[in-house]
Every structure is written in C-alpha cells, then in structure tokens.
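Asks:
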Amino acid sequence: MSFTKNTTWIAVTAVSVLGTGLATPAETYALTLTATAQCSATPPVALYPTRVINGDCQIKQVIPTQNPIVGNGIDEATFWDFDFTQDPNYSLFSAFAQAGNVLTSAVLSLEIIPKTSLVATDLLGIVDVQSNLLSEYTSLPGTLNQPFTFTQDLLSLPLNPYQPQSILASLFSGKNGKIPFRYDDDAIVVSSTLSLTIDESIAPVPEPTSTLGYLLLGLGGIGTLWNRQKMARNA
Ligand SMILES: [Ca+2]
Ligand SMILES: [Ca+2]
Ligand SMILES: [Ca+2]
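Each step along the sequence shown adds one to the number in the UniProt record's numbering, with nothing skipped, and position 134 is 134.
1. Give the DSSP-derived three-state secondary structure of P68 in the structure shown.
2. Is the separation between the beta-carbon of R182 and that of F93 shorter than 7 Å?
3. Tell me the DSSP secondary structure of residue 236 in three-state form.
4. Rounded to a whole number of angstroms, what is the C-alpha to C-alpha distance between S192 and A106?
5. On the premise that T36 lies in contact with D87, defined as a C-beta separation below 8 Å, what is that separation, rounded to the nearest angstrom?
6. Check for me: the beta strand (DSSP E) holding S166 runs from which residue to which?
7. Report the three-state DSSP secondary structure of Y183 (helix, strand or coil).
8. Closer than 6 Å between the C-beta and any heavy atom of ligand 1: which residues qualify, listed along the chain?
9. May I ask you to check if the CB of T121 is nearer than 6 Å to at least one heavy atom of ligand 3?
10. Under a three-way DSSP split, which group does S94 fall into?
11. Since E76 is in the alpha helix (DSSP H), which residue starts that stretch and which ends it?
12. Which of the three DSSP states is assigned to E136 in this structure?
13. Any heavy atom of ligand 3 closer than 6 Å to the Cβ of D87?
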C-alpha cells in the first residue's frame with residue numbers, strides 16, 4: 001500500500017470517529033506484505049544426519065541410504081520461513097485480516113538450481129497446509145545446474161490452488177507472522193519471496209489507544225483548517 005492510500009484511510013477514519021458522517025472510501029484499496037528468504041547457490045556440505053544451514057534455509061537429507069551428502073541438492077528437503085513480521089505493514093495487515101477481508105493473491109517467486117532430471121517429481125508448498133508438484137507452478141527447468149526462477153500465485157495454481165483462508169491461518173497460527181515453506185528434493189533453493197495481498201474494503205475497528213491517536217489527528221486537522229480560515233479572514 002502506498003503512503004498516500006494509508007494516509008487517506010487514517011484521515012477518513014479520523015473524520016468518521018469525530019462523527020461528521022463521512023462514509024468509508026468509495027474506492028477499495030489493497031495492502032501487500034512481502035517476505036524474502038535469502039539462501040545461497042553454494043550451501044555448505046555435510047554428511048547425514050547433519051542438517052546444513054544455508055542462509056535463511058535449512059537442508060536435510062531425505063533418502064540417506066542412496067546419498068548421504070547434505071547440501072548437494074540431491075534427495076534433500078529444504079525448509080525456510082517467510083517472516084512477515086519484518087514488513088512495516090504487518091500490524092495493519094493483521095488488523096485488516098481480523099476484520100474479515102479476503103486474501104486476493106499470494107505470489108511466490110522461487111529461484112532454484114536443479115541438480116538432477118528427477119526435479120520433474122519435485123514438490124513444494126506451505127508446511128502443514130499443502131504441497132504441489134513443481135510442474136503445477138511452472139514449466140520444468142530444462143537445464144541442470146543453472147539457476148531457474150519462476151513466479152506463481154498460489155491462489156491460481158491450475159490443479160489444486162490454495163484456499164485464501166488456509167494461507168491466512170498459517171500466517172497467524174503456529175509461528176505467528178511466519179509462513180513455513182518446504183521444497184523437495186532435487187534442487188538447491190537459492191532464494192524465495194512471498195507477497196500476500198489483502199483487500200481493504202472492511203475497515204478494522206480501531207484499538208482504544210489508536211482511537212485517541214485518530215481523534216488527535218482529526219483535531220489537529222481541524223485546528224489547521226481553523227487557523228487557515230482565520231488567516232484568510234485576516235488577510
Ligand atoms: Ca543430498
Ligand atoms: Ca530425488
Ligand atoms: Ca525429485
């Protein structure tokens with residue numbers, strides 16, 4: 001959400017609280033939160049059962065009998081959290097979600113380095129919610145060992161799209177403000193971004209403390225107007 005839209009919403013709320021009867025904005029706005037996990041193209045290497053830390057990612061071997069090496073991008077699960085609490089709009093986003101607004105998109109961007117042709121059977125998704133085949137997200141990468149990036153709205157996956165409520169439930173339950181994600185199993189995860197956009201048509205009920213803030217903001221606005229009119233009369 002741009003600063004202008006934010007300011008408009010607060011100003012309208014302040015006027016509403018003061019009881020001048022001005023309604024909610026005619027235009028609807030959307031608020032977007034973004035979180036990025038920065039891993040790397042060259043994780044450290046270890047032997048099973050050691051887990052490898054690769055920046056914001058953690059890697060574990062999933063088929064240790066075939067391949068005990070962890071960090072080579074073959075037969076391994078990569079985990080990371082999308083931490084939305086770092087986004088300055090997180091509190092406002094939470095308030096809009098609690099007010100019952102709908103999640104309108106959840107756009108995932110992922111950069112991987114495929115390590116074997118079995119990347120064709122890879123799965124990814126939100127932990128404890130659902131996972132989908134890589135082929136549902138994108139056309140499969142044709143070149144091994146080369147960085148490959150794709151972007152896909154989780155709500156628009158062709159075969160098995162996410163439900164908006166299940167993504168919000170993941171965001172606000174468990175690790176509050178974080179969405180845990182997992183990729184299996186034949187690529188190195190280099191980096192990933194998730195952007196959540198929520199509708200703003202239902203205004204949140206202001207907290208008592210912020211109501212005072214809005215009132216003061218509104219009174220400040222009236223004071224400025226009064227001063228301006230006074231100056232105009234004196235001019
Ligand atoms: Ca491995
Ligand atoms: Ca595999
Ligand atoms: Ca695979």
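Backbone N, C-alpha and C define an ideal beta-carbon position, used for all residues, glycine too.
Replies: Let's see:
1. The residue given as residue 68 occupies position 68 in the sequence shown. In the structure shown, P68 sits in coil (DSSP, three-state: anything other than H, G, I, E or B).
2. The residue given as residue 182 occupies position 182 in the sequence shown. The residue given as residue 93 occupies position 93 in the sequence shown. Taking 7 Å as the Cβ cut-off, R182 and F93 do not qualify as a contacting pair.
3. Only positions 1 to 235 of the chain appear in this structure, which leaves residue 236 out of reach.
4. Along the sequence shown, one-based indexing puts residue 192 at 192. Along the sequence shown, one-based indexing puts residue 106 at 106. Distance between the alpha carbons of S192 and A106 is about 13 Å.
5. Taking the first residue of the sequence shown as 1, we reach residue 87 at position 87. Taking the first residue of the sequence shown as 1, we reach residue 36 at position 36. Their Cβ separation, rounded to whole angstroms, is 10 Å, which puts D87 and T36 out of contact at 8 Å.
6. In the sequence shown, residue 166 corresponds to position 166, counting from 1. No beta strand (DSSP E) holds S166; the alpha helix (DSSP H) holding it covers 164–172.
7. For the purposes of this step, residue 183 is taken as the residue at position 183 of the sequence shown. Y183: strand per DSSP, three-state reduction.
8. Q61, N67, I69, V70, N72, I74, D75, E76
9. Position 121 of the sequence shown holds residue 121. Yes.
10. Locating residue 94 in the sequence shown gives position 94, counting from the first residue. If DSSP states are grouped into helix, strand and coil, S94 belongs with the helices.
11. Here the question's residue 76 lines up with position 76 in the sequence shown. Not the alpha helix (DSSP H): E76 falls in the beta strand (DSSP E), residues 76–83.
12. Residue mapping note: residue 136 aligns to position 136 of the sequence shown, counting from 1. Helix, per DSSP.
13. Within the sequence shown, the letter at position 87 stands for residue 87. For ligand 3, not one heavy atom lies less than 6 Å from the Cβ of D87.
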